[in-house]
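Student: In the numbering used here, the protein residues as written are 51 to 448. Using N, Cα and C, we set each Cβ at its ideal position, and we do this for glycine too. None of the values given here were measured: they were computed from a predicted structure.
(1) Would you check if the distance between the CB atom of residue 410 and the CB atom of residue 388 is smaller than 7 Å?
(2) Applying the 10 Å Cβ sphere with the 16-neighbour rule, what's the burial state of residue 91?
(3) Kindly give me the distance between the Cβ atoms of residue 235 and residue 270, rounded to whole angstroms, as I take these residues to be in contact under 8 Å.
(4) Excluding the 5 residues flanking residue 382 on each side, which residues of the same chain have their C-beta closer than 6 Å to its C-beta?
(5) Would you tell me roughly how many angstroms separate the C-alpha atoms of residue 159 and residue 174, rounded to the nearest one?
(6) Jot down the residue ranges of each uninterrupted alpha helix (DSSP H) in the stretch 336 to 379, minimum 4 residues, whole runs only, in chain order.
(7) What do you reckon, are the CB atoms on residue 305 and residue 284 nearer than 7 Å?
(8) Can you give me the C-alpha to C-alpha distance between residue 135 and residue 66, rounded to a whole angstrom?
(9) What do you get for residue 58, buried or exposed, if any count of 16 or more other CB atoms within 10 angstroms of its CB means buried?
(10) Quick one: which unbroken beta strand (DSSP E) runs of 3-plus residues sit fully inside the stretch 387 to 445? Chain order, please.
(11) DSSP three-state call for residue 216: helix, strand or coil?
(12) Have a look at residue 386 and residue 406 and give me their C-alpha separation to the nearest angstrom.
(13) Any contact of the stretch 324 to 333 with the stretch 296 to 313, i.e. 3+ C-beta pairs under 8 Å?
(14) Please list, in chain order, all residues of the same chain as residue 228 whose beta carbon is under 6 Å from its beta carbon, the five residues on each side excluded.
(15) Between residue 52 and the rest of its own chain, which residues show a CB-CB distance below 6 Å, the 5 nearest in sequence each way excluded?
(16) Which two residues bound the contiguous alpha helix (DSSP H) that contains residue 79?
(17) In whole angstroms, give me the CA-to-CA distance for residue 70 and residue 403.
(18) Helix, strand or coil: how does DSSP classify residue 274 here?
(19) Indicate the three-state DSSP secondary structure (helix, strand or coil) for residue 246 in the structure shown.
(20) What residues in its chain sit with their C-beta under 6 Å from that of residue 223, if we drop five residues either side in the sequence?
(21) Nearest-angstrom Cα distance between residue 408 and residue 438?
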């Protein structure tokens, strides 16, 4: 590949600019000594450049479906939210098995410009999805400030002047971090990877237990007339009463409105089932699948899938025990249980079709390691498990 881009100034290129530059894409997918030397010498923002490289390589691991494309485009929108976009074209290339390059998708997006003051928290959450997963908890307090927390469990507290992060890390200088309000943007994001958890106190005193594999978006300071957060994942929340400001929990396809109460929300984007379990107080739920609001009473669970929604009485402890490191199974399918364990421990677990359908009853101590928990499951249902290359496989045992 010849070098024909010396006339382009890459100094101010951002992430999304690199993704729309065909020379850059070909350089990543078909690197040569010549192109590697060119990029090494070319003035550029290395952070934006490296982020774009990781994105291209991630895109080309597997062939993309339509939903993947729109997700990637939302990532690009997030990076470009301060700039006006109109009629931009995105080219995505895929590497074939025979190491040939082919054009996979060509998409022309017609974008409608919107003022940032018109954007609600759900739109902000959809347009600001972090591009890359990490093994550390990440707190996005502004565009330029991201705090990485290596601990398995972290404690984060907001007050009127700052946000404080408490860590169990041994090093004294990193055990506690404090960030002033001047450094904090209007909306913050807390991203919890699989295998990690966090406890968060919001600016109004509301307490949130955040489970593994969860993304939480919230304002650093609530407005005068409402309190609103967005969750993709699972939280248990103890809402600080405030009759002047209702509290709203938004998810991808429903919202839960309260004044002061305790409840659990399980709303992972990847899961078909979404649940709200009420411990105390009352909540009103509206979803994209129903025109009617549903009033939930204590010890009731609202569950919605792609096709229907139900409300039923439940034992609340079964659904909130995870905050104390306990998982109570009450006639749950094994594949559902293993999905939760996979998120909680941050390990991949495969299960065969026959074992997946088994129903389980019992109590699992999540303070034990995953291998011990799977051994306990073997006493509850007829299964066996093996581990290879850090992947657990669960199979039916006749």
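Tutor: Taking the definition as stated:
(1) Not closer than 7 Å, so no.
(2) With fewer than 16 Cβ atoms within 10 Å of its Cβ, residue 91 is classed as exposed.
(3) With a beta-carbon spacing of about 7 Å, residue 235 and residue 270 fall inside the 8 Å limit used to define contacts.
(4) Residues 410 of the same chain have their beta carbon placed closer than 6 Å to that of residue 382, with the five preceding and five following residues left out of the count.
(5) Reliability fails at residue 159, whose pLDDT of 25 lies under 50, so the model's placement of it is uncertain and no value is given.
(6) Complete alpha helix (DSSP H) runs here, min 4: 367 to 370.
(7) No; because the gap between Cβ atoms is not below 7 Å, this pair is not in contact.
(8) Its pLDDT being 38, under 50, residue 135 is placed unreliably in this model, and the value from its coordinates should be taken loosely. Near 11 Å, if we compare the C-alpha coordinates of residue 66 and residue 135.
(9) Of the other Cβ atoms in all chains shown, fewer than 16 fall within 10 Å of the Cβ of residue 58; this residue is therefore exposed.
(10) Correct list: 398 to 401, 409 to 415, 433 to 438.
(11) In this structure, DSSP gives residue 216 an extended state, which the three-state scheme calls strand.
(12) Each residue's Cα considered, the two are about 8 Å apart.
(13) The stretch 324 to 333 and the stretch 296 to 313 touch, with no fewer than 3 CB-CB distances between them shorter than 8 Å.
(14) Same-chain partners within the cutoff: 212, 214.
(15) Because residue 52 carries a pLDDT of 49, less than 50, the predicted location of this residue cannot be relied on, and no value is offered for it.
(16) It spans 72 to 79 - the alpha helix (DSSP H) in which residue 79 sits, taken as one unbroken run.
(17) About 42 Å.
(18) Here DSSP, grouped into helix, strand and coil, assigns residue 274 to coil.
(19) Judged by DSSP in its simplified three-state form, residue 246 adopts coil rather than helix or strand.
(20) In this prediction, residue 223 has a pLDDT of 47, which is less than 50 and means its spatial position is unreliable; what the coordinates show is noted afterwards. Same-chain partners within the cutoff: there are none.
(21) For residue 408 and residue 438, the distance between alpha carbons rounds to 23 Å.
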